Amino acid sequence: MKRIIHYFRRCLFLDKHVCPWWFGYSFDNPLRKLIHKPEKILSPHISNGMTVLDIGCGMGYFSIGMAELVGENGRVISVDIQRKML
Numbered sequence: 037m038k039r040i041i042h043y044f045r046r047c048l049f050l051d052k053h054v055c056p057w058w059f060g061y062s063f064d065n066p067l068r069k070l071i072h073k074p075e076k077i078l079s080p081h082i083s084n085g086m087t088v089l090d091i092g093c094g095m096g097y098f099s100i101g102m103a104e105l106v107g108e109n110g111r112v113i114s115v116d117i118q119r120k121m122l
């Protein structure tokens, strides 16, 4: 548990090391959508047909919401420094 807390602190404080790919699963919780809805947060800024860039996408939590907002005519380009996150 101490090791997980240590990695979490490093991610939060933007240490020179990247967050391990397996830690991304801690943010991939179905209950997160109850309070943190990507579509609701992003809808004022993204519309159908746009091309959007998700830098530091992690496991794609916001990328999926972006894809729903841009629709079939738009594109979402997701980039992350960790290949295993993609």
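Throughout, my numbering is defined as the position within the sequence shown, counted from one, plus 36.
Quick reminder that beta carbons are idealized off the backbone N, C-alpha and C, glycines included.
Predicted model only: the values in this text are computed from it and were never measured.
What would DSSP say about residue i, mapped onto helix, strand or coil?
{"i": "SER114", "result": "strand"}
{"i": "ILE82", "result": "coil"}
{"i": "LEU89", "result": "strand"}
{"i": "GLY107", "result": "coil"}
Would residue i pass as a contact of residue j if the rule is Cβ separation under 8 Å?
{"i": "SER99", "j": "SER114", "result": "yes"}
{"i": "ASN84", "j": "ASN65", "result": "no"}
{"i": "LEU105", "j": "ILE82", "result": "yes"}
Quick one: what's got a C-beta closer than 8 Å to residue i's C-beta in the same chain, skipping five residues either side?
{"i": "PRO74", "result": "TYR97, PHE98, ILE100, GLY101 and MET102"}
If I measure Cβ to Cβ from residue i and keep anything under 7 Å in the same chain, skipping five residues before and after, which residues do I get?
{"i": "ARG111", "result": "THR87"}
Give every residue of the same chain whose Cβ lies closer than 6 Å to the Cβ of residue i, excluding the five residues on either side of it in the sequence, and list them in chain order.
{"i": "CYS93", "result": "SER99, SER114 and ASP116"}
{"i": "LEU89", "result": "ILE113"}
{"i": "ILE91", "result": "VAL115"}
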